[in-house]
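Below is one structure, written out as structure tokens, with a few remarks after it.
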Amino acid sequence: MQASDQFLRDLWYLAGHAKTLKPGAITRRVLLGEPVLLARRKQDGQAFALRDVCPHRGVPLAARELNADGTVTCPYHGWRFGADGACAAIPSLVEGQDVDPKNIRVRTYSLREQDGLIWIYMPAKGREAVAPKIEPPKVPLPGDAVPKFIERQMFKCDLDRTTVGLMDPAHGPYVHKAWFWRSPKSTIAKAKAYEPTTRGFTMMPHKPSANSTAYKVLGTDLTTEIKFELPSIRTEHIRAGKHSIVGLTTCTPISETETEVTHTMYWTLPWLGLAKPALRAFASIFMRQDREIVELQQEWTRYDPRQMLIPDADVPAIWYHKLKKAWAAALDSGAEFANPVEPQTLRWRS
Ligand code: FES
Ligand SMILES: [Fe+2]
1 MQASDQFLRD LWYLAGHAKT LKPGAITRRV LLGEPVLLAR RKQDGQAFAL
51 RDVCPHRGVP LAARELNADG TVTCPYHGWR FGADGACAAI PSLVEGQDVD
101 PKNIRVRTYS LREQDGLIWI YMPAKGREAV APKIEPPKVP LPGDAVPKFI
151 ERQMFKCDLD RTTVGLMDPA HGPYVHKAWF WRSPKSTIAK AKAYEPTTRG
201 FTMMPHKPSA NSTAYKVLGT DLTTEIKFEL PSIRTEHIRA GKHSIVGLTT
251 CTPISETETE VTHTMYWTLP WLGLAKPALR AFASIFMRQD REIVELQQEW
301 TRYDPRQMLI PDADVPAIWY HKLKKAWAAA LDSGAEFANP VEPQTLRWRS
């Protein structure tokens, strides 16, 4: 049996924002094509995730409210399950019937709350009971960072096209010209140094390009670093003097043709709070522009177009595909993952 499938496994995926999962709440999601119940206990605030399928006869467990003791009750025959996945009660049993609820379990998912985000570990097939060997990505800010705002949109597009669209360096002047005040005429040639990271690559810290007007309001003492990590996590870290602005963009596959994109912003610059409404609006427009172009691309897959990847503007896309392949191969063979990316300076015009 292959440990890998159409989505990369043994990795953390963003499942939601901590604030939206209130104590006593239960929500139902589909992540990587799997039904997942997310809930937060009232008594201790602990969030947990279960496979949203009753082991008895397959009804969704999240169809009911969370019980006061933090367990969930199946709406069909009332079997109860705790955060650890163990069955706590089978109401139909009478004395002498030889079924021990404790031996019945619903699958649990490892969950972490960090920087105001809820991450879920999606294990490879056959390794559901193995504890994660890695931790979810940490926002490059000290302590537990608090999101300033969140923009989330559902892309009617597969994970690969969505992810590649977010790391693509050459689309800016065409796709984002409306708000970037940058027309195809004002493009300049760029050269950016890239280095491999543990599970991806990073565009090394550099001064924003001369035609990136959007950065200018932050002052002149600026550097930007853009990091990409498997499965589909992009972190842009702008350093403005001693302050930081961090944009975390994650793609969570829902199904083969639907991907949830979430952009979470963090910053330490106090005055930037004043610009929040404008930044929010920009983030929403920016994401819509990215969404519309890849949805168009997805729609056009019906004509079976070829993929032509050219140097150097498409090299990040090539790296993404190589990283995915290497991760899947390591999962299937059990070998250590080896990052196929080599340090390189990429040049393009945008
Ligand atoms: S199907 Fe869940 S208790 Fe019967
Ligand atoms: Fe974009």
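Going by the working numbering, 163 is the number at position 163 of the sequence shown; the sequence numbering is gapless. Glycine included, C-beta positions come from ideal geometry on N, C-alpha and C. Quantities reported herein were computed from a predicted structural model and do not represent experimental measurements.
task: Grab the span of the beta strand (DSSP E) containing I245 for me, first residue to last.
output: The count along the sequence shown starts at 1 and reaches residue 245 at position 245. Where I245 is concerned, the enclosing beta strand (DSSP E) stretches over H243 to S255.
- request: Going by DSSP, name the residue or residues bridged to Y266.
  value: Residue numbering aside, residue 266 sits at position 266 when the sequence shown is read from its first letter. Answer is V246, bridged to Y266.
- prompt: Using DSSP with H/G/I as helix, E/B as strand and the rest coil, what is P101?
  reply: In the sequence shown, residue 101 corresponds to position 101, counting from 1. Helix at P101.
message: Within 10 Å of its beta-carbon, does S232 have 16 or more other beta-carbons around it, so buried, or fewer, so exposed?
response: Counted from its first residue, the sequence shown places residue 232 at position 232. Answer is buried; the Cβ neighbour count reaches 16.
- request: Sort A317, Y303, G172 and I150 by Cα distance to G247 and report the nearest one.
  value: As a first step, residue 247 must be located in the sequence shown, where it is residue number 247. Its Cα nearest to that of G247, the residue I150 stands out among A317, Y303, G172 and I150.
message: Short of 8 Å in beta carbon distance, which residues of its chain neighbour M1, apart from the five on each side in sequence? Order them along the chain.
response: The sequence position of residue 1 within the sequence shown is 1, counting from 1. The predicted model places M1 with a pLDDT of 41, which falls under 50 and marks its position as unreliable; any figure quoted below should be read in that light. Apart from sequence neighbours up to five positions away, the residues of its chain that approach M1 with a beta-carbon distance below 8 Å are K125 and G126, ordered along the chain.
query: Going by Cα to Cα distance, which pick from H263, G82 and I238 is closest to N103?
result: Residue 103 sits at position 103 when you count from the first residue of the sequence shown. Comparing Cα-Cα distances from N103 to each of H263, G82 and I238, the minimum goes to G82.
- request: Please report the residue range of the alpha helix (DSSP H) in which M308 lies.
  value: Counting from 1 along the sequence shown, the entry for residue 308 is found at position 308. Note, M308: premise wrong, no alpha helix (DSSP H); not H, not E.
query: Looking only at C-alpha atoms, which of P132, Q114, P136 and A170 sits nearest to G143?
result: What you label residue 143 is simply residue 143 of the sequence shown in a count that begins at 1. That would be Q114, whose Cα lies nearest to the Cα of G143.
- request: Could you tell me if D5 is buried or exposed, where buried requires 16 or more neighbouring beta carbons within 10 angstroms of its beta carbon?
  value: By 1-based counting over the sequence shown, the position of residue 5 is 5. So D5 counts as exposed.
query: Relative to ligand 2, what is the chain-ordered list of residues with a Cβ closer than 6 Å to any of its non-hydrogen atoms?
result: Near ligand 2, meaning a beta-carbon closer than 6 Å to one of its heavy atoms, we find H171, V175, H176 and D290.
query: So, is L296 buried or exposed, given that buried needs 16 or more other C-beta atoms within 10 angstroms?
result: For this step, residue 296 is matched to residue 296 along the sequence shown. L296 sits exposed, since fewer than 16 C-beta atoms from the chains shown fall within 10 Å of its C-beta.
query: Which whole-angstrom value describes the C-beta separation of P75 and C87, a residue pair presumed to lie in contact below a C-beta threshold of 8 Å?
result: The residue given as residue 75 occupies position 75 in the sequence shown. The residue given as residue 87 occupies position 87 in the sequence shown. Contact between P75 and C87 does not hold, since their C-beta atoms are separated by about 15 Å, which reaches or exceeds 8 Å.
query: Since Q207 contacts T223 with CB under 8 Å, what's their CB separation in whole angstroms?
result: In the sequence shown, residue 207 corresponds to position 207, counting from 1. In the sequence shown, residue 223 corresponds to position 223, counting from 1. Here residue 207 turns out to be Lys, not Gln, going by the sequence shown. So it is a contact: roughly 6 Å between Cβ atoms.
- request: Taking the CB atoms as reference points, tell me whether V164 and Y303 lie closer together than 7 Å.
  value: The residue given as residue 164 occupies position 164 in the sequence shown. The residue given as residue 303 occupies position 303 in the sequence shown. Against a cut-off of 7 Å, the Cβ pair of Y303 and V164 comes out as no contact.
- prompt: In three-state DSSP terms, what is R80?
  reply: The residue given as residue 80 occupies position 80 in the sequence shown. The three-state reading of DSSP puts R80 in strand, counting E and B together.
- prompt: Can the beta-carbon of W348 be found less than 7 Å from the beta-carbon of D312?
  reply: Position 348 of the sequence shown, counted from the first residue, corresponds to residue 348. Position 312 of the sequence shown, counted from the first residue, corresponds to residue 312. A distance below 7 Å separates the beta carbons of W348 and D312.
task: Tell whether a beta-carbon distance below 7 Å holds between L159 and T259.
output: In the sequence shown, counting from the first residue as 1, residue 159 sits at position 159. In the sequence shown, counting from the first residue as 1, residue 259 sits at position 259. The criterion of a C-beta distance shorter than 7 Å is satisfied by L159 and T259.
- prompt: Is V59 near ligand 1, with its Cβ less than 6 Å from a heavy atom?
  reply: Indexing the sequence shown from 1 puts residue 59 at position 59. Of the heavy atoms belonging to ligand 1, at least one sits nearer than 6 Å to the Cβ of V59.
- request: In angstroms with no decimal places, state the Cα-to-Cα distance between G219 and L272.
  value: Walking along the sequence shown from the start, residue 219 turns up at place 219. Walking along the sequence shown from the start, residue 272 turns up at place 272. Rounded to whole angstroms, G219 and L272 show a C-alpha spacing of 12 Å.
field: Beta carbon of K148 nearer than 7 Å to that of W267
entry: Numbered from its first residue, the sequence shown carries residue 148 at position 148. Numbered from its first residue, the sequence shown carries residue 267 at position 267. Between K148 and W267, the C-beta spacing is below 7 Å.
- prompt: Using a threshold of 6 Å, is the CB atom of C251 nearer than that to any non-hydrogen atom of ligand 1?
  reply: Taking the sequence shown and counting its residues from 1, the one referred to as residue 251 is at position 251. C251: no, Cβ never under 6 Å from ligand 1.
Straight-line Cα distance separating P91 from H77: Here residue 77 corresponds to residue number 77 of the sequence shown, with the count starting at 1. Here residue 91 corresponds to residue number 91 of the sequence shown, with the count starting at 1. Cα to Cα, H77 sits roughly 7 Å from P91.
- prompt: How many Å lie between L61 and V72 at the Cα?
  reply: For this step, residue 61 is matched to residue 61 along the sequence shown. For this step, residue 72 is matched to residue 72 along the sequence shown. In a straight line, the C-alpha of L61 is about 7 Å away from that of V72.
- request: Starting from P316, follow the alpha helix (DSSP H) in both directions and report where the run begins and ends.
  value: As a first step, residue 316 must be located in the sequence shown, where it is residue number 316. Start and end: V315 to S333.
- prompt: Can you tell me whether P123 is buried or exposed, with buried defined as 16 or more other CB within 10 angstroms of its CB?
  reply: Here the question's residue 123 lines up with position 123 in the sequence shown. Around the beta-carbon of P123, 16 or more other beta-carbon atoms lie within 10 Å, marking it buried.
Terminal residues of the alpha helix (DSSP H) in which G58 lies: On the sequence shown, residue 58 is found 58 positions in, with the first residue counted as 1. It is not in any alpha helix (DSSP H) - G58 carries neither H nor E in the DSSP assignment.
message: Rounding to the nearest angstrom, what Cα-Cα distance links I238 and I188 in this structure?
response: On the sequence shown, residue 238 is found 238 positions in, with the first residue counted as 1. On the sequence shown, residue 188 is found 188 positions in, with the first residue counted as 1. Taking the straight line joining both Cα atoms gives about 21 Å.
query: Is the Cβ-Cβ distance between L14 and L111 less than 7 Å?
result: Along the sequence shown, one-based indexing puts residue 14 at 14. Along the sequence shown, one-based indexing puts residue 111 at 111. Against a cut-off of 7 Å, the Cβ pair of L111 and L14 comes out as no contact.
task: Run the CB neighbour count on P305, radius 10 Å, all protein chains shown included, and call it buried at 16 or more, exposed below.
output: On the sequence shown, residue 305 is found 305 positions in, with the first residue counted as 1. Exposed is the call here.
message: Going by beta-carbon coordinates alone, are V30 and I254 separated by less than 7 Å?
response: In the sequence shown, counting from the first residue as 1, residue 30 sits at position 30. In the sequence shown, counting from the first residue as 1, residue 254 sits at position 254. Against a cut-off of 7 Å, the Cβ pair of I254 and V30 comes out as a contact.
task: Check whether the Cβ of H77 sits closer than 6 Å to any heavy atom of ligand 1, and report yes or no.
output: On the sequence shown, residue 77 is found 77 positions in, with the first residue counted as 1. Yes; taking the cut-off as 6 Å, the Cβ of H77 has a heavy atom of ligand 1 nearer than that.
Residue nearest to G45 in terms of C-alpha spacing, selected from G24, V53 and H56: Position 45 of the sequence shown, counting from 1, holds the residue named residue 45. Minimum Cα distance to G45 is reached at G24.
- prompt: Looking only at its own chain, which residues have a Cβ that is under 7 Å from the Cβ of L309, when we skip the five neighbours before and after it?
  reply: Sequence index remark: in the sequence shown, residue 309 carries index 309 (1-based). So the qualifying residues of the chain are A317 and I318.
field: Proximity winner among G16, F155, F337 and F7, relative to L352 (alpha-carbon distances)
entry: Because the chain spans 1 through 350 in this model, residue 352 falls outside it and cannot be assessed.
message: According to DSSP, is G85 part of a helix, a strand, or is it coil?
response: Position 85 of the sequence shown holds residue 85. Looking at G85 - three-state DSSP - the assignment turns out to be coil, as it is neither helix nor strand.
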